[in-house]
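Visitor: Counted the way our numbering counts, the sequence shown spans residues 2 to 169.
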Amino acid sequence: MATLTYPVPDPCLPGQESVWSFPRPSIAQPVRNHLKIVYNGRVLAETTAAVRTIETSHPPTYYFPPADVDLSMLLESSSRSICEWKGQARYFDIQSGDKTSRNAAWAYAHPTTSFALIKDFIAFYPKAMDLCLVDDEAVVPQAGTFYGGWITSAVAGPFKGPPGTERW
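What follows is the structure in structure tokens.
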């Protein structure tokens, strides 16, 4: 039987959090960072009233209050997924002008009790956006086909997502 090995956490610099100190199962926390998303040259979302979800080995995923999102750019798709901790997510295509990104955002209409903070809040895959900012710092999207984490200088890895990290 193969032994599962985990990476050695990167050292934390002053002011950083290690994703290896994040809990599992994941949790939701309100944050006051200034978050902004630009899509096809337009501000899609901007807030200082987000909720982040954090989980061991993952950079934070940010959920925006619907009031701080340009909902005219979202079209609900038929896609759904199940998170063992949050419940069933519904997905949205993002459209602006002649540009469309399929299933680029998601939300939970009926999250589990532990994630009530994110009810109807909207998360976005940063790799599908033109620009995502946390306190004016450009985000690096979490690698992988399913992950929506936002990597900034405030978090130390290594991060789950690249090939070979699926079992972390």
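Beta carbons: idealized from backbone N, C-alpha and C, even for Gly. Here the structure is a predicted model, which means the values were calculated and not measured.
Go ahead and pull the three-state DSSP assignment for leucine 134.
Guide: By 1-based counting over the sequence shown, the position of residue 134 is 133. Three-state result, leucine 134: strand.
Visitor: Please check the pair proline 10 and serine 19, which I expect to be a contact at CB under 8 Å, by giving their CB distance rounded to whole angstroms.
Guide: Working through the sequence shown from its first residue, we reach residue 10 at position 9. Working through the sequence shown from its first residue, we reach residue 19 at position 18. Indeed, because the Cβ distance is near 5 Å, the residues count as touching under 8 Å.
Visitor: Measure the C-alpha to C-alpha separation of isoleucine 83 and threonine 146 and round it to an integer number of angstroms.
Guide: Your numbering for residue 83 matches position 82 in the sequence shown. Your numbering for residue 146 matches position 145 in the sequence shown. Going by the C-alpha atoms only, they are around 16 Å apart.
Visitor: What is the DSSP secondary structure of proline 67, counted as helix, strand or coil?
Guide: Numbered from its first residue, the sequence shown carries residue 67 at position 66. Looking at proline 67 - three-state DSSP - the assignment turns out to be helix.
Visitor: Please report the distance separating the alpha-carbon of alanine 129 from that of alanine 68.
Guide: Residue 129 sits at position 128 when you count from the first residue of the sequence shown. Residue 68 sits at position 67 when you count from the first residue of the sequence shown. Alanine 129 and alanine 68: Cα-Cα distance of roughly 21 Å.
Visitor: Along the beta strand (DSSP E) that carries isoleucine 28, what are the first and last residues, could you check?
Guide: The residue labelled residue 28 in the question sits at position 27 within the sequence shown. Per DSSP, isoleucine 28 belongs to the beta strand (DSSP E) from 28 to 32.
Visitor: For the beta strand (DSSP E) containing threonine 153, list its first residue and its last residue.
Guide: For the purposes of this step, residue 153 is taken as the residue at position 152 of the sequence shown. Threonine 153 -> no beta strand (DSSP E), and no H or E assigned at all.
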